[in-house]
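In my numbering, the protein residues as written are 5 to 394.
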């Protein structure tokens, strides 16, 4: 992660031969580059808020997601000590004394307000901020909207990626989550909501721990799908300004993830992304903005990229602003992975349709506990098992 001091050119304050040498080196650099000043990398931060957000950040760190900085915010001091993130902020030290918010979003909100100045100072210079949280509890639900407000004040493109509780967690928690999501939506540029119950249907029979792990992993995939096309060199380069043009003030967004292999891998991956269990009862039909990440091994062809893109072009708005990035990952040999973030829906949200029953998978097909070395780390419950005559 680049800090502000890394983003500035510092010349020695004293005079003398050392200063003259630096000036000479600078002049030589400008001459050799025809006067073109090298671009600065976008500063991308992933901030986990509360217990659910912190768990998601831990998963991202374990998967070695590159090009981003990590930070966790919590009212629970003990939980902060267990985080793998180097940057940790204890919210509301005076209010909660490090004992947590007790599941009360009002406490979470007040704790974030107490730490507002600290957050404002620490986020200066950030270009893109992802806010990851599990909604329904105290800290994540109450503090995430305050964090989003601060992030916007800093001028950062602000993207919320949050989960809704499983239904078994109770009506009160679900109601708190919905209220928190509504408040968060007022302050972020783009908001992606992952309904945990859709994951439950897709991994029927999985152990409870596996279900929560799957929810964390989906948050990771949402961040990866966007950050990779900015930070990783690709066949089709996409810069931060491109992504901002689609996601700034975009409102509610949909996330779809798909993977394909074999002769029809490109169309299979794109279709799987558009019928992802994460889309609940919604579809990307008519979206006016779309960020598409197409990743594959060294055997990925131009035809693969064209085919996957056209599947998505056919359903979004004809005048949609579409950003496509193509990334080569040697671990994906023989496969195509497609991540779609669709934005720009009417005020009523994404178009609702009746969906067929979600394909169910056995626990053995779900994500293994240690997935940090599994290539692209696509959650197994998102991989549709299809019989192919290859």
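The C-beta atom is built at its ideal place from N, Cα and C for all residues, glycine as well.
#### Entry: Whole-angstrom distance between residue 247 and residue 232, CA atom to CA atom
Taking the chain shown and counting its residues from 1, one reaches residue 232 at position 228. Taking the chain shown and counting its residues from 1, one reaches residue 247 at position 243. Between residue 232 and residue 247, the C-alpha separation is close to 11 Å.
### Query
Rounded to a whole number of angstroms, what is the C-alpha to C-alpha distance between residue 295 and residue 235?
As a first step, residue 295 is located in the chain shown; it is residue number 291 there, counting from the start. As a first step, residue 235 is located in the chain shown; it is residue number 231 there, counting from the start. Going by the C-alpha atoms only, they are around 14 Å apart.
### Query
Where does residue 308 land, buried or exposed, given buried means 16+ other C-beta within 10 angstroms?
Taking the chain shown and counting its residues from 1, one reaches residue 308 at position 304. With 16 or more other Cβ atoms within 10 Å, it is buried.
#### Entry: Local Cβ density within 10 Å of residue 305, reported as buried at 16 or more and exposed below that
Sequence index remark: in the chain shown, residue 305 carries index 301 (1-based). Classification of residue 305: exposed, given that the 10 Å Cβ count is below 16.
### Query
Going straight from the alpha carbon of residue 300 to that of residue 225, what length do you get?
In the chain shown, residue 300 corresponds to position 296, counting from 1. In the chain shown, residue 225 corresponds to position 221, counting from 1. The straight-line gap from Cα to Cα measures roughly 15 Å.
#### Entry: Close beta carbons around residue 152, own chain, < 7 Å, minus the five adjacent residues each side
If you number the chain shown from 1, residue 152 lands on position 148. Hits under 7 Å: 135, 162, 164, 188, 191, 192.
### Query
Who does residue 271 pair with in a DSSP beta bridge?
Taking the first residue of the chain shown as 1, we reach residue 271 at position 267. Partner(s): none; residue 271 has no beta bridge.
#### Entry: Beta-carbon proximity check, residue 219 vs residue 196, cutoff 8 Å
Translated into positions along the chain shown, residue 219 becomes position 215. Translated into positions along the chain shown, residue 196 becomes position 192. Going by C-beta atoms, residue 219 is not nearer than 8 Å to residue 196.
### Nearest residue (CA-CA) to residue 267, options 185, 303, 348, 77
As a working note, residue 267 is residue 263 in the chain shown. Answer by Cα proximity: 303.
### Query
Quick one: what does DSSP say residue 143 is sitting in, helix, strand or coil?
On the chain shown, residue 143 is found 139 positions in, with the first residue counted as 1. Here residue 143 sits in helix by DSSP.
#### Entry: Contact check, residue 239 vs residue 330, beta carbons under 8 Å
Along the chain shown, read from residue 1 onward, the residue named residue 239 stands at position 235. Along the chain shown, read from residue 1 onward, the residue named residue 330 stands at position 326. Contact flag set, yes.
### Query
To the nearest angstrom, how far is it from the Cα of residue 177 to the Cα of residue 210?
The residue you call residue 177 lines up with position 173 of the chain shown. The residue you call residue 210 lines up with position 206 of the chain shown. The straight-line gap from Cα to Cα measures roughly 22 Å.
### Message
Please give the ranges of any beta strand (DSSP E) in the stretch 272–351, keeping only runs that are unbroken, at least 3 residues long and fully inside the region.
### Response
293–300, 325–332, 339–347
### Query
So, residue 58 versus residue 72, is the Cβ gap smaller than 8 Å?
Numbered from 1 along the chain shown, position 54 holds the residue referred to as residue 58. Numbered from 1 along the chain shown, position 68 holds the residue referred to as residue 72. No; because the gap between Cβ atoms is not below 8 Å, this pair is not in contact.
### Query
Secondary structure at residue 86, three-state DSSP: helix, strand or coil?
In the chain shown, residue 86 corresponds to position 82, counting from 1. It is coil, neither helix nor strand.
### Query
Using CA coordinates, which residue listed in 180, 168, 48, 179 is at the minimum distance from residue 127?
Within the chain shown, numbered from 1, the residue matching residue 127 stands at position 123. When each option's Cα is compared against that of residue 127, the closest is 48.
### Query
Residues in its own chain within less than 7 Å of residue 46 by CB, not counting five upstream and five downstream?
Residue numbering aside, residue 46 sits at position 42 when the chain shown is read from its first letter. If we look at residue 46 and ignore the five residues flanking it on each side, its Cβ neighbours are 131, 132, 234, 244.
### Task
Give the DSSP-derived three-state secondary structure of residue 256 in the structure shown.
Within the chain shown, the letter at position 252 stands for residue 256. Reduced to three states, the DSSP call for residue 256 is strand.
### Task
Tell me where the alpha helix (DSSP H) around residue 117 begins and ends.
If you number the chain shown from 1, residue 117 lands on position 113. Per DSSP, residue 117 belongs to the alpha helix (DSSP H) from 109–118.
### Query
If we count the other Cβ atoms within 10 Å of its Cβ and call it buried at 16 or more, is residue 356 buried or exposed?
As a first step, residue 356 must be located in the chain shown, where it is residue number 352. Model confidence at residue 356 stands at a pLDDT of 36, short of 50, so the residue's coordinates are unreliable and nothing is read from them.
### Task
Helix, strand or coil for residue 65, going by three-state DSSP, please let me know.
The count along the chain shown starts at 1 and reaches residue 65 at position 61. DSSP places residue 65 in helix when its eight states are reduced to three.
### Query
Just how far apart, CA to CA, sit residue 93 and residue 67?
Translated into the one-based positions of the chain shown, residue 93 becomes position 89. Translated into the one-based positions of the chain shown, residue 67 becomes position 63. Going by the C-alpha atoms only, they are around 22 Å apart.
### Query
Using DSSP with H/G/I as helix, E/B as strand and the rest coil, what is residue 15?
Counted from its first residue, the chain shown places residue 15 at position 11. With a pLDDT of only 31 at residue 15, under the threshold of 50, the placement of this residue in the model should not be trusted; the figure read from the coordinates follows. Looking at residue 15 - three-state DSSP - the assignment turns out to be coil, as it is neither helix nor strand.
### Query
What's the C-alpha gap between residue 172 and residue 310?
Numbered from its first residue, the chain shown carries residue 172 at position 168. Numbered from its first residue, the chain shown carries residue 310 at position 306. Near 42 Å, if we compare the C-alpha coordinates of residue 310 and residue 172.
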